[in-house]
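A.B. asks:
Residue numbers (the working numbering): 8 to 158.
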């Protein structure tokens with residue numbers, strides 16, 4: 008016999024996603040967002056939030072027509088870094104209930120290598136939230152090769 012009672016995890020039957028294409032031969036990225044937090048473009052001049060003007064709904068919320076997946080192209084130059092992260096970073100709150108300001112904080116450590124930058128941000132979020140982060144946190148940093156670098 009099956010229960011008609013809603014499952015406890017019914018609210019978690021969808022997933023946000025961001026799909027990024029980084030062509031080798033062009034200084035751009037193509038991005039489709041499905042309700043995911045907007046990535047950050049990190050460069051020497053600071054951090055820019057890459058907002059997709061026409062995001063698709065999160066995956067798993069029903070049938071979505073292919074026309075809903077509209078790619079947006081952004082510049083991605085030599086030595087630029089793309090910071091992709093889950094909402095566990097931006098939804099962490101301090102003792103006053105203020106969300107963690109990722110875009111504002113990440114520029115403080117922009118000179119760090121990517122692996123050290125991820126560790127520094129994760130430590131800062133835990134400190135900011137007084138160890139009370141209640142969501143998963145995942146972060147990936149993609150970096151455009153510098154001009155003249157070897158693969």
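For every residue, glycine included, the Cβ atom is placed at its ideal position computed from N, Cα and C.
Would DSSP call residue 83 helix, strand or coil?
C.D. replies: Coil, per DSSP.
A.B. asks: Three-state secondary structure (DSSP) at residue 99?
C.D. replies: In the structure shown, residue 99 sits in coil (DSSP, three-state: anything other than H, G, I, E or B).
A.B. asks: If residue 90 sits next to residue 113, beta carbons under 8 Å apart, how far is it from one beta carbon to the other, in whole angstroms?
C.D. replies: Right, the Cβ-Cβ distance comes to about 6 Å (below 8 Å), so this counts as a contact.
A.B. asks: State the Cα-Cα distance for the pair residue 71 and residue 93, rounded to the nearest angstrom.
C.D. replies: Cα to Cα, residue 71 sits roughly 22 Å from residue 93.
A.B. asks: For my contact list, residue 46 and residue 22 are in at a C-beta cut-off of 8 Å; report their separation, rounded to the angstrom.
C.D. replies: Not really, about 16 Å apart at Cβ, beyond 8 Å.
A.B. asks: Would you decide whether residue 147 is buried or exposed? Buried here means 16 or more other CB atoms lie within 10 Å of its CB.
C.D. replies: By the neighbour-count rule (16 or more Cβ atoms within 10 Å), residue 147 is not buried but exposed.
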